[in-house]
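What follows is a single structure, written as structure tokens, with notes after it.
Numbering (our numbering), first residue to last: 63 to 352.
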């Protein structure tokens, strides 16, 4: 059974023109079957497959590059919610553990930033309630889809993490009484399918939620601009896109594998790679009670 080992790390490093630095990390020595639980973005017959997303992302980037050459852009060449006029609007990086719950983490990362824009305060929301306390047959083995997650946040709302902490050992914990009076909801969401719309949204409204193909070498990412080099596909993974940089030719994303992975929990990924630029979801607005 294949494991993430130092030998695989050396294989990655043997490739020329690699733009990122691989490193041994918390996933080193683990079996592929364990690591597949990190790929929790679930597809169904009404959605694009991850393979289709990869092709569309490449096509979108080609179209976008041509547009940029022909027309002036009305958005900045780089932007990051980690530094907007000196203020960081991102909540701390969290850890989903070995559970296919990335959709909850990627979705709430965007909602938390939108809420911070309004209140000015850091408000960590409950991925546990969103993933384990919402209706449906999703669980740590099956993963989930982004649309039903956002619909739950819109209709029911999510309590603060302090009221319902993420605990894989106690997934059936009960919400406290009157929890409905302490929820954060979204007013709606939109799906974006062009790179121009994605960049405009990020630079004016907030982070975006998206799915990417999780390749084995990505688990070894340490720093730099990721592009797939070697290794099998593990499935779809949901992340939050918090910025972009046209000089780098890359998106900046918040992951949910702790701040001990990547660049303190974040990563850069090259435009057109892994299906990340095929489709993104944006939050229209946030309401927090009380």
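Beta carbons are placed, not taken as given, at the ideal position from N, Cα and C, and that holds for glycine.
What does the alpha-carbon distance come out to for the pair residue 119 and residue 274?
Within the chain shown, numbered from 1, the residue matching residue 119 stands at position 57. Within the chain shown, numbered from 1, the residue matching residue 274 stands at position 212. Cα to Cα, residue 119 sits roughly 10 angstroms from residue 274.
Buried or exposed: which applies to residue 316, given that a residue is buried once 16 or more other Cβ atoms fall within 10 Å of its Cβ?
For the purposes of this step, residue 316 is identified with residue 254 of the chain shown, where counting begins at 1. Counting Cβ neighbours within 10 Å, residue 316 comes out buried, since at least 16 surround it.
Distance CB(residue 214)-CB(residue 192) smaller than 8 angstroms
Mapped onto the chain shown, residue 214 falls at position 152. Mapped onto the chain shown, residue 192 falls at position 130. In this structure, residue 214 lies near residue 192, with their beta-carbon atoms less than 8 angstroms apart.
If we ignore side chains and look at the alpha-carbon of each, how far apart do residue 104 and residue 204 end up?
Along the chain shown, one-based indexing puts residue 104 at 42. Along the chain shown, one-based indexing puts residue 204 at 142. Using only the alpha carbons, I get a separation of about 7 angstroms.
Using the rule of at least 16 other Cβ atoms within 10 Å of the residue's Cβ for burial, across every protein chain shown, is residue 229 buried or exposed?
By one-based count along the chain shown, residue 229 stands at place 167. Residue 229 should be labelled exposed.
Counting beta carbon pairs with one atom in the stretch 269-284 and one in the stretch 79-97, are three or more of them shorter than 8 angstroms?
Three or more beta-carbon pairs separated by less than 8 angstroms link the stretch 79-97 to the stretch 269-284, which places the two stretches in contact.
Is it the case that the Cβ atoms of residue 123 and residue 339 are separated by a distance below 8 angstroms?
For the purposes of this step, residue 123 is taken as the residue at position 61 of the chain shown. For the purposes of this step, residue 339 is taken as the residue at position 277 of the chain shown. For residue 123 and residue 339, yes; Cβs fall inside 8 angstroms.
Residues bridged to residue 303 by DSSP?
For the purposes of this step, residue 303 is identified with residue 241 of the chain shown, where counting begins at 1. The beta-bridge partner set that DSSP reports for residue 303 consists of 315.
Can you check the stretch 107-161 for any beta strand (DSSP E) of at least 3 residues that lies completely inside it and give the ranges in chain order?
Taken in chain order, the complete beta strand (DSSP E) segments of 3 residues or longer contained in the stretch 107-161 are 140-142.
Let me confirm a value: residue 113 is counted as buried when at least 16 other C-beta atoms fall within 10 Å, else exposed. Which label applies?
Working through the chain shown from its first residue, we reach residue 113 at position 51. Using a 10 angstroms sphere on the CB of residue 113, the tally of other CB atoms stays under 16, which defines it as exposed.
In whole angstroms, what separates the C-alpha of residue 63 from that of residue 91?
Translated into the one-based positions of the chain shown, residue 63 becomes position 1. Translated into the one-based positions of the chain shown, residue 91 becomes position 29. Because the pLDDT of residue 63 is 46, which lies under 50, any placement of that residue in the model is unreliable, and the number read from its coordinates should be weighed accordingly. Cα-Cα distance, rounded: 11 angstroms.
Pull up the distance between the alpha-carbon of residue 179 and that of residue 152, whole angstroms please.
Looking up residue 179 in the chain shown gives position 117. Looking up residue 152 in the chain shown gives position 90. Spanning the two alpha carbons is a distance of roughly 10 angstroms.
Relative to the C-alpha of residue 97, which candidate in 145, 143 and 164 has its C-alpha closest?
As a working note, residue 97 is residue 35 in the chain shown. Considering only alpha carbons, the answer is 164.
Can you tell me whether residue 63 is helix, strand or coil according to DSSP?
By 1-based counting over the chain shown, the position of residue 63 is 1. Residue placement at residue 63 is flagged as unreliable, the pLDDT there being 46, under the threshold of 50; the coordinate-derived value follows with that caveat. DSSP places residue 63 in coil when its eight states are reduced to three.
DSSP-derived helix/strand/coil call for residue 243:
Working through the chain shown from its first residue, we reach residue 243 at position 181. DSSP, reduced to helix, strand and coil, places residue 243 within a helical segment of the structure shown.
Residue 265 beta carbon less than 8 angstroms from that of residue 134
What you label residue 134 is simply residue 72 of the chain shown in a count that begins at 1. What you label residue 265 is simply residue 203 of the chain shown in a count that begins at 1. Taking a C-beta distance under 8 angstroms as the contact criterion, residue 134 and residue 265 do not qualify as a contact pair.
Just list the beta strand (DSSP E) runs in the stretch 224-279, keeping only unbroken ones of 3 residues or longer that don't cross its boundaries, in chain order.
Here the runs fully enclosed are 246-254 and 270-277.
Terminal residues of the continuous alpha helix (DSSP H) containing residue 170?
Your numbering for residue 170 matches position 108 in the chain shown. Residue 170 -> alpha helix (DSSP H) spans 164-181.
For the 8 angstroms Cβ check, are there 3 or more pairs between the stretch 215-224 and the stretch 239-248?
Touching, per the Cβ criterion.
Where residue 213 sits in the DSSP three-state scheme:
Here residue 213 refers to the residue found at position 151 when the chain shown is read from its first residue. Reduced to three states, the DSSP call for residue 213 is helix.
From which residue to which residue does the beta strand (DSSP E) around residue 345 run?
Taking the chain shown and counting its residues from 1, one reaches residue 345 at position 283. Residue 345 -> beta strand (DSSP E) spans 342-350.
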